[in-house]
Amino acid sequence: MGYDEIYKLALERGFFSPSCEIYSDFQAGFWEYGPIGVSLRNNYVNLWRRELVRRDGMTEIDGTQIMSKNVFVASGHLGSFADPIVVCTQCGTTVRADRMISERVGGSLPEGLPTEEYDALIAKHDLKCTNCKGDYGKVRKFNMMFRVGIGPKDDDAYLRPETCQSIFVDAPRLFKTMRLKLPIGFAQFGKSFRNEIAPRQSLIRLREFYQAEIEVFFNPKTANNLAKFQEIKHVKLPIQKADGNFAEITAEEAANRKIVPNQLVAYYLAILIEFYAKTGIDIKKVRFRELNAEDRAFYALAAFDFEVQTSLGWMELVACNYRSDYDMGRHAKISNHDLTILDGEEKVIPHIFEISMGIDRSIYCVLEHSYAKENEREVLRIKPYLAPIMAGIFPLVSKEGLPEKAQQIFDSLKKEFAVFYDESGSIGRRYRRQDEIGTPVGVTVDFDTMKDNTVTVRDRDSMSQKRIKVEEIRSYLSSLLQIYSES
RNA sequence: GCGGCAUUAGUCCAGCCUGGCAGGACGUCAGCUUCCCAAGCUGAAGGUCGCGGGUUCGAAUCCCGCAUGCCGCACCA
């Protein structure tokens, strides 16, 4: 299925929609989750908690979205998250000053030059706009962070451009109070904000978006001595190397042959791909793409993007970055706190491996990989534990006490399961409506129900039905929610 | 941010060229029908024609600006 079908489904069925859409001054890059979308996202995040956070014994926190300026001095975002841009005074074309200069003058420029030096270079080489030969204006820094003013004095602070900074600055207290030892993963789900120049395609590139980030703190000396590595050593990792070669190899081979930096990285890539297999994303259409030095973030020693093939091309869902001791080293320096951790006898600045997941994009991919049109039927073949609604409860016809009986069953289930009652239209129409939002089960009350207290349960994927007792509905639904019976 | 195209009911779209009552299909709702897969019949609701300005007796329609969306470029932690 393509983007257009998913977008239409989203608008019609309440997955997501543009923010502030009744006003004409609304801005690009902001989208709402509707009722069905919220339910899907909650289920997705809970699967993330179950299959990554709890599986690995991680510690989850929830930090603030607004953080002080010094956090981003330390993180490097104030300096490096800003691009030097220059605008043509004639035609308004905007280009990256550093790239434009190095392309036309030759050689590469050091990062983070003051803007005056770019101005001087443009003047020295008499560079004109490539589009219209017009003069360039002054070079300025465009920072991708949203600045906010705090209190009556409008003190500088910023909306976080990634959730992980809270983890770094909270880490010292967490190690003390939660009695943690290396290696340990910290997890956080929440909003991040980036002032993208060109937001695109609804959930794919947003200015306000959800991340689920995991930051694994470890001592680099023991990164190849990981007991739990045995659990996943046979998991296959599809890796697209920076040199272009592709290989599907086991986690064990990847670590031994140094295709990934160490066992610890191999382990987390493996549990990540096992997580995505459980989301229903087609695991034959995923890869880890190794980034070369130019494409990596400024802090990363190694980086693997987890990508999924979609109708829009390969889409990056997760950035896996080996951040080394950059973060804790920088925060130690700028905050003037000792951020070393005692690992046995040794004091270390922890190294960090990061699994930075884009939730909105992941939700989109789950939808695209699950949605199917078969003849006249449109069906979202989503895993039951991700389904926004678990079961529709229907009276076969709206008379002779059937609605009352169905309502009674609905009431008995509603606190435990996301169930939906509907008596409007033919029974077929009600089944098909639920198919479109991926509801795995239709429970129908008919005339036999009134005699023997049984109902039919209808399966979304096969459309087949069987009769079960009313008392068995609860266990029937529970059994469908089991993850570990899934392949 | 640049260029091209687009924006009309919940959704898809016609109407625009050639200015003159706001339309269709699907969906939704109500009633009838209905013993299991978008059936049928009857009826109804639903509109800031993206926003602002201009031209005109009169603008969904023509002109200008802006916003948003899509595609391409550029950008992309």
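Under this note's numbering, the residue at position 72 of the first sequence is numbered 149, and the numbers go up by one with no gaps. Note that the Cβ used here is the ideal one computed from N, Cα and C, for glycine as well.
Contact between the stretch 498-508 and the stretch 470-487 is present, with at least three C-beta pairs closer than 8 Å. The alpha-carbon of V443 is positioned some 10 Å away from that of K460. For I326, there is no enclosing alpha helix (DSSP H); the enclosing beta strand (DSSP E) covers residues 323-327.
Under the DSSP assignment, C97 falls outside any beta strand (DSSP E); it carries neither an H nor an E label. For A300, the three-state secondary structure derived from DSSP is coil. Counting every other CB atom within 10 Å of its CB across the protein chains shown gives C397 a total of 16 or more, marking it as buried. Closest in C-alpha terms to M78, from the list H408, A234, D359, comes D359. Of the candidates T526, I411, L129, E371, the residue whose Cα lies closest to the Cα of E477 is T526.
By the C-beta density criterion, S116 is buried, having at least 16 other C-beta atoms within 10 angstroms. Ranking N322, R400, K362, K361 by CA distance to the CA of A379 puts R400 first. Rounded to whole angstroms, E367 and Q288 show a C-alpha spacing of 21 Å. Looking at the DSSP output, D536 shares a beta bridge with V518. By the CB criterion at 8 Å, V164 and G214 fall inside the cutoff. T327 and L389 have their C-alpha atoms roughly 29 Å apart. Judged by their CB atoms, R217 and T192 are nearer to each other than the 8 Å cut-off. Counting C-beta atoms within 10 angstroms of its own C-beta, A370 has fewer than 16 neighbours from the protein chains shown and is therefore classed as exposed. Between K355 and E128, the CB-CB gap stays under 8 Å. In this structure I309 is in contact with A347, their Cβ atoms being roughly 4 Å apart against a cut-off of 8 Å. In the three-state reduction of the DSSP assignment, R510 falls in the helix class, which pools H, G and I.
In this structure, DSSP gives D382 an extended state, which the three-state scheme calls strand. With 16 or more other Cβ atoms inside 10 Å of its own Cβ, M392 counts as buried. Going by C-alpha positions, Q511 is about 19 Å away from E493. Within the stretch 116-145, no run of alpha helix (DSSP H) at least 4 residues long lies entirely inside it. Buried is the label assigned to K482, since at least 16 other Cβ atoms lie within 10 Å of its Cβ.
Under DSSP, F430 forms a beta bridge with V293, Y399. Beta-carbon to beta-carbon, F107 and R284 are separated by about 6 Å, close enough to satisfy the 8 Å threshold. Contact between V148 and Q278 is ruled out by a C-beta separation of about 30 Å, above the 8 Å threshold. Bridge pairing for Q317: F323, R366 [DSSP].
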